[in-house]
Amino acid sequence: MKEHREEEADDALIKKYIATGNSEYFEPLVQRYERYAYVYAYSLLKNEFDAQDVVAESFLKAFSKIRQYRQGSSFKNWFLKIVHNTSFDLLRKNKTIIYLDDQENSESLYTNEALSYDNIDSLDFGEIQKSLDQLPHELKGAVILRYYYDWDYKKICEFLNIPMGPLSSRLNRACKKLKNMYEGGM
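Per our numbering, residue 168 is the first one in the sequence shown, and the count goes up by one each step.
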């Protein structure tokens, strides 16, 4: 219910921004989603400065492409897709792509306390982060969206623009790889 109210508030701000061009209507969106976007970018890039740059660049892209946003959809998801694409663009540019494999229902590896959005200032996930860093990029992104952001499969499929089968396969492979890493003592 809270998410629905946020989406309505986001749409109202966006309408006002489009109508007036006044950036004060976009500022609440920046404040609301900046940390959320930073956590995602940092989890992909593993570099504070790159993550900050990606978030800033993503907001600029969102500003310039705001007319492409469909009213009634989720601004948060639309914006996170921009962050996702901008992060991957940077990784491709730097040729430091991380590969992730799929996992079998390994939610137990991710405690609510360790991955809490409230705990955002301590982005070192310890052993979990080290393991995630060894996974291929496509798998890492799927794992982060599923287990860190707790997105359902349908939402992840739409976000990554992949069918359910490949998503399930990615998560399954990532879980297996992570399990092997933990059993092997990393």
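Using N, Cα and C, we set each Cβ at its ideal position, and we do this for glycine too. Remember, it's a predicted structure, so these values are computed and weren't measured experimentally.
Taking the alpha-carbon of residue i as reference, which of the options has the nearest alpha-carbon?
i	options	result
Lys182	Tyr207, Pro303 and Arg234	Arg234
Lys213	Leu327, Phe255, Leu227 and Glu174	Phe255
Phe246	Ala176, Asn339, Asn261 and Ala229	Ala229
Tyr315	Leu196, Glu215, Val221 and Leu299	Leu299
Tyr203	Asp217, Thr187 and Val222	Val222
Arg237	Val197, Asp178 and Leu302	Asp178
Asn244	Glu350, Glu215, Tyr200 and Tyr209	Tyr200
How would you label residue i, buried or exposed, when you count the other beta carbons within 10 angstroms and need 16 or more for buried?
i	result
Gly239	exposed
Lys297	exposed
Asp319	exposed
Gly332	exposed
Leu227	exposed
Thr187	exposed
Arg259	exposed
Looking at the strands, I want to know which residues DSSP matches up with residue i.
i	result
Pro330	For Pro330, which the question treats as bridged, DSSP gives no partner whatsoever.
What I want to know is whether the C-beta of residue i ends up closer than 8 Å to one or more non-hydrogen atoms of the ligand MN.
i	result
Glu224	Absence of the ligand MN from the depicted structure is noted, as is the absence of any ligand whatsoever, leaving it without description.
- Message: To test your reading of the DSSP string, which unbroken alpha helix (DSSP H) runs of 4 or more residues are found completely within the segment 189-217?
- Response: 194-212
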